[in-house]
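Protein chains in written order, with my numbering: chain A, -5 to 230; chain B, -5 to 230; chain C, -5 to 230; chain D, -5 to 230; chain E, -5 to 230; chain F, -5 to 230.
Where is the CB? At the ideal position from N, CA and C, for every residue including glycine.
There are 6 protein chains.
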Amino acid sequence: MDEILNGGIPRRNVVLLSGGPGTGKSIFGQQFLYSGLQAGEPGVLVVLEEHPVQVRVSMSQFGWDVRPYEEKGIFAVVDAFTAGIGEAAKRERYVVRAPDDFQTLLDVVRAAVKDLNARRVVIDSVTTLYITKPMLARGVVMQLKKALSGLGCTSILVSQVSVTERGFGGPGVEHAADGIIRLDLDEIDGTLYRSLIVWKMRGTRHSMRRHPFEITDKGITVYHDRVFKSRTAGRE
Amino acid sequence: MDEILNGGIPRRNVVLLSGGPGTGKSIFGQQFLYSGLQAGEPGVLVVLEEHPVQVRVSMSQFGWDVRPYEEKGIFAVVDAFTAGIGEAAKRERYVVRAPDDFQTLLDVVRAAVKDLNARRVVIDSVTTLYITKPMLARGVVMQLKKALSGLGCTSILVSQVSVTERGFGGPGVEHAADGIIRLDLDEIDGTLYRSLIVWKMRGTRHSMRRHPFEITDKGITVYHDRVFKSRTAGRE
Amino acid sequence: MDEILNGGIPRRNVVLLSGGPGTGKSIFGQQFLYSGLQAGEPGVLVVLEEHPVQVRVSMSQFGWDVRPYEEKGIFAVVDAFTAGIGEAAKRERYVVRAPDDFQTLLDVVRAAVKDLNARRVVIDSVTTLYITKPMLARGVVMQLKKALSGLGCTSILVSQVSVTERGFGGPGVEHAADGIIRLDLDEIDGTLYRSLIVWKMRGTRHSMRRHPFEITDKGITVYHDRVFKSRTAGRE
Amino acid sequence: MDEILNGGIPRRNVVLLSGGPGTGKSIFGQQFLYSGLQAGEPGVLVVLEEHPVQVRVSMSQFGWDVRPYEEKGIFAVVDAFTAGIGEAAKRERYVVRAPDDFQTLLDVVRAAVKDLNARRVVIDSVTTLYITKPMLARGVVMQLKKALSGLGCTSILVSQVSVTERGFGGPGVEHAADGIIRLDLDEIDGTLYRSLIVWKMRGTRHSMRRHPFEITDKGITVYHDRVFKSRTAGRE
Amino acid sequence: MDEILNGGIPRRNVVLLSGGPGTGKSIFGQQFLYSGLQAGEPGVLVVLEEHPVQVRVSMSQFGWDVRPYEEKGIFAVVDAFTAGIGEAAKRERYVVRAPDDFQTLLDVVRAAVKDLNARRVVIDSVTTLYITKPMLARGVVMQLKKALSGLGCTSILVSQVSVTERGFGGPGVEHAADGIIRLDLDEIDGTLYRSLIVWKMRGTRHSMRRHPFEITDKGITVYHDRVFKSRTAGRE
Amino acid sequence: MDEILNGGIPRRNVVLLSGGPGTGKSIFGQQFLYSGLQAGEPGVLVVLEEHPVQVRVSMSQFGWDVRPYEEKGIFAVVDAFTAGIGEAAKRERYVVRAPDDFQTLLDVVRAAVKDLNARRVVIDSVTTLYITKPMLARGVVMQLKKALSGLGCTSILVSQVSVTERGFGGPGVEHAADGIIRLDLDEIDGTLYRSLIVWKMRGTRHSMRRHPFEITDKGITVYHDRVFKSRTAGRE
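Rendered as structure tokens:
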């Protein structure tokens, strides 16, 4: 991604990572955090869709073992999934006990970021926060942006769109973000293809091309020197 | 399907089986359970759309006689259709007396899974649970996922979409599932064709192709070595 | 239709007969009942859109004189149109006095089916039962299915869709039926063409083709050995 | 139109005359009534959109002078436009004083039909009766059908659709009518063309073609021996 | 326009002038009034979107100086914009003090028309009257039609549609008007083109073609002898 | 832009600057203000989406250092983002303490314009003012237009539309503005292209072409002598 973004996501940017089901959004976000850890940048992963235990298992399948970083205090999972219910949840350090209350969630995220002096934050997914209350979408994203950017973090907000949706998550959300990365999975002549495009990114001269990518057992590999052309043609 | 999924649906995955009317979703789910029985994996079929007696008749038409397995205590039908009304219903072991109350249903399913030590569960259909309350869809799927995955089951949730609908059951549902298998029935030049595609499947490297399939008197046969190409072309 | 359905609609199936205005749904249903009478199968026609007197006149125009069968007690019209108001209505045997109340209608239909020991039932149209209350559609169809199938009848539910609608009557309705037959009327190069397709039919290996048909003064003639191809091509 | 309808609209049929703005619906209806008068069939024109005085002027521009027929008591205008307000309205014989109350309108129409022993009725437009209450559409059309058909009239209900609307007036309305005639005005390569098609007509073998027509100073001329082909092709 | 309308808009007609933003509707209406003044026909311009002072400035830019006509008492601006607030508004003769109250507006318009014995009226725009209350649209247009036609005026109602809207202002509005003139601005291969078409005009044999037009510093010039063909082709 | 607008935006015009996410609307507005400063025209930037501090940083990245102009009292940022909360906000001169109350905002903007004798105003974005209250959109834009035009300012209202939206911000907004400039970002064969078109501009003969533009580290460069043709073709 570095070649495509001309040096990575600029500091303090809040980026919307938008895509349909199965496009690899969660993996992308986890890889962003793990790369940060390897480069010495503390990170926080806020999970709203999956059990924290399951998330660690999924990450380890790509070779991303976060346990040592959790022990060193430079990585944390914020559990906004279990509401603290269940044995495994009791072992989590950061738990949002009322995941339906956005202010509670924001408080726990802020605490985690400060404790770790985190530089990278991923919220998977931000859509969960307003799926039954679409009028709140812009407000939620604006508050996250103020908080995370104010804390000095570079952030990815995972935005789930329907498989038939060409937008990025609604007008309020699309314009509030500093950047938009779109992941796509398209069926062409009976075969599924993965591609991504950086639609917007403040503060950097990003690639203006759509690039193919693959998900292997080591995570996402983007082909920055190839252009994925078929999609537009197939659509119109 | 094993070639297409590279070894079957990974353990504990909750898979959305999405398709329009007449695409073969119920048959697919029943075959998944019957194959499990033959391999020694206990299974539970939760029926919300059809009388349990009729379901057993339908299965037997494909040569899938579940009576011996029911007697051995490794297969069960959960009747969420009759509400216990009628003579035949009185002979059922697992009956959801208030099918409109999701918690009641979940309790009966849990009990059946524990009694049988079930490894496979099919819910036919999950759409019935929120057809008049679409705002609840994501919550229902998330709770099923927590419960079934927590019990160690590999599950198929049948998702009914309209014949004109290209989505898989709505944004909340599509993203909550660990996997999505789509069954299609397309009319091309006056002829109906069946095909399926695995859109998403956590934990395995599945086929990225759309495959033709047939429904014969032995059930579903998927042609894993053939690609069904006409559909995309005909659509755009 | 027998060749297309490979022996007719299987016993106890509840079939959705879906089509736009002018596609011949009522004629199809009446012909289904009249063929039954000729083969010795008692039948019931539930009319919600037309005066029973007018229905008998319409049928006689195709040479289908039902009076003798009514007298023999093997055919009956259930009048869910007049609410018993008017002279002619007083001569009807089966009258639904509160056509807006579905339970009342169901009671009268059940009584008629039992009296005649009916094997075939047509409801023209089922759409009328929920046209102003779409949320009830699935429930109505499910109840009809339980009742009619339970009584041993093979049934046709006429489903009216708009001329521009490609669906069969909504997701709840499409999936609840055991079979779907779609009648179409398409304008191609300034000429109207009739065709039908069996989209789904449990318990039989039906034709997977779209067939042209005609309405003559003897009723509907389906060309089971011809395929109507132009429609798909003209649509995409 | 007689060639196209194979002898005219069958007796007692209630026909929906559907078209966008400027397609000639009012002229078609007026010509239907005037032809009736010339053939000795009394007629009633129910106007909801235009002042009765203006309607008579418009008709006279096509050479259709209805005054002598009004004096002979075989033609009448039912004024459902002015509510009886204004000098000119005071001279009208049939006035609906509460045009928003459908039962009042129905009573006046019934009275006029009986007084004149009318054989033909045109309601211009029926859309006005439910434009702000679409849920009532089917009920209004069904009541008109029962009343007018019961009185022995052949009727035309003018149905206004938007210029971009391909339907005939909504599902409830389309299926309730005995016949549907559609008037179209299409722009092709910068030129407007008029055409009509009979989509449905109970009790007659009508033309299955789309025919061009013109509006001259003598009214509508339909070219029954020509087919208008360009429209479908231009649309798909 | 005279060639296209075969002699101008017929007397007492109420014409809908429909178009997207930037299509020249206001200029067309102002030119219609100024041509009337030059031919000795008094006129009234009802402004709802622009300050009366600004309107006079805009008209003078095309060489249409209305001041002398205002002084002679054969032209008037009805100010339904300022509600009488501001210095400039105090100098206006016809002011609608409650522009949100349609009856007030109608009264002022009636007074102005009677004072001037106006023959031409333009309402710019009628859309403003029901933009937040679409259910009222037909009623507003019908009342204006009764009032203006009753006063002997030929009128233009400016109807604003969205840039993506192909209709003329909604079904109630489209059918209520005696005529419809549509102005379009289309982008074809990176260039904007202006064209207009008369879709409907009672009482005259208007052009059935789409004509290109230009806006110069002398107002609108329509090319009645040229046809604008590209649009339809580019659309389908 | 001067060549395209034939001399710039005419004095007192209120222009809608419409575009999807990532099209460069904010940069366009900032450049408009900075050019004014260089030409001696005082300007006001009203920010609703971004922290004032961040806005100054963003502008400086294009070489637009506004600090000296702020000190000279000919440039001001109106902070309608922070509500005065936070250390940095305390240093701002013009703060809207209740950004949700439109009248408060209007008062602060008026004060700033008067203090600076501002000639140019940019509101980034006007969409924020009615995103959850679309019925208010036209009223908000009309009030801004009256106020800003009345104060003698030439103004740009940034209008955010969704990436899939072809309109400019809704019918009420599109027609209220004196001018419309549209910025686009289109993906063609896997590459993103920027272009703009002036759809409407009162008081000047603007270019009727779509022009390509680029965003470099010096801001926006429009190629007034080139036409961007691909877009229309790719769309239809």
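About 6 Å separates the beta carbon of residue 102 of chain F from that of residue 72 of chain F, a gap short enough to meet the 8 Å contact definition. In the DSSP secondary-structure assignment, residue 203 of chain A is bridged to F/185. A distance below 7 Å between beta-carbons, with the five flanking residues on each side excluded, links residue 74 of chain F to the following residues of its chain, in chain order: 40, 41, 42, 90, 93, 99. In terms of Cα proximity to residue 148 of chain E, the closest of E/61, E/169, E/58, E/107 is E/107. Secondary structure at residue 101 of chain B: helix, using DSSP grouped into helix, strand and coil.
Approximately 5 Å separates the beta-carbon atoms of residue 215 of chain C and residue 208 of chain C; this is inside 8 Å, confirming the contact. In this chain, residue 3 of chain F is not harboured by any beta strand (DSSP E), its DSSP state being neither H nor E. Between residue 137 of chain F and residue 60 of chain E, the alpha-carbon positions lie close to 27 Å from each other. The Cβ neighbour count for residue 121 of chain C, taken over all protein chains shown within 10 Å, is at least 16; the residue is labelled buried.
Between residue 63 of chain B and residue 27 of chain B, the alpha-carbon positions lie close to 11 Å from each other. At least one CB of chain C lies nearer than 8 Å to the CB of residue 194 of chain D.
The region 142 to 158 of chain D makes no contact with the region 182 to 192 of chain E; the number of CB pairs closer than 8 Å stays below 3.
With respect to chain F, the C-beta atom of residue 168 of chain A has a partner C-beta closer than 8 Å. For residue 69 of chain A, the three-state secondary structure derived from DSSP is strand. Separation of residue 54 of chain E and residue 3 of chain A (C-alpha to C-alpha, rounded to the nearest whole angstrom) is 54 Å.
For the 8 Å CB-CB criterion, residue 200 of chain F and residue -1 of chain F form a contact. When DSSP states are grouped into helix, strand and coil, residue 150 of chain A belongs to the strand group. Distance from the CA atom of residue 129 of chain D to the CA atom of residue 126 of chain C, rounded to whole angstroms, is 6 Å. Of the residues assessed, residue 37 of chain C falls on the buried side of the cut-off, its CB having 16 or more other CB atoms within 10 angstroms. Secondary-structure assignment with DSSP links residue 177 of chain C through a beta bridge to C/13, C/190. Judged by DSSP secondary structure, residue 40 of chain A falls within the beta strand (DSSP E) whose first and last residues are 37 to 41. Contact annotation for residue 43 of chain D against chain E: 136, 169, 170 [CB-CB distance below 9 Å, chain order]. The contact set of residue 154 of chain D on chain E, defined by CB atoms closer than 7 Å, consists of 165, 169 in chain order.
Flagged as an interface residue toward chain B: residue 222 of chain C, by a C-beta distance shorter than 8 Å. Taking 7 Å as the Cβ-Cβ cut-off, the region 68 to 96 of chain B has no residue approaching chain C. When the five nearest sequence neighbours on each side are left out, the beta carbons in the same chain lying within less than 8 Å of the beta carbon of residue 25 of chain B are those of 56, 58, 213, 214, in order along the chain. Looking from the CA of residue 210 of chain C, the closest CA among C/111, C/8, C/219, C/21 belongs to C/21.
At least one CB atom of chain A sits nearer than 8 Å to the CB of residue 15 of chain F. Counting only runs of 4 or more residues that sit fully inside the region 122 to 172 of chain B, the alpha helix (DSSP H) segments are 131 to 144, 165 to 170, in chain order.
Rounded to the nearest whole angstrom, the CA to CA distance from residue 140 of chain C to residue 70 of chain A is 54 Å. Straight-line measurement puts the Cα of residue 205 of chain A at about 39 Å from the Cα of residue 115 of chain B.
With its beta carbon at least 8 Å from every one in chain A, residue 37 of chain B lies outside the interface. Residue range -4 to -1 is occupied by the alpha helix (DSSP H) that includes residue -2 of chain D. Across the set D/133, D/65, D/123, the C-alpha of D/123 shows the shortest separation from the C-alpha of residue 132 of chain E. Straight across, the Cα-Cα distance linking residue 157 of chain E with residue 14 of chain F is about 16 Å. Per the DSSP secondary-structure output, residue 208 of chain C pairs in a beta bridge with C/215.
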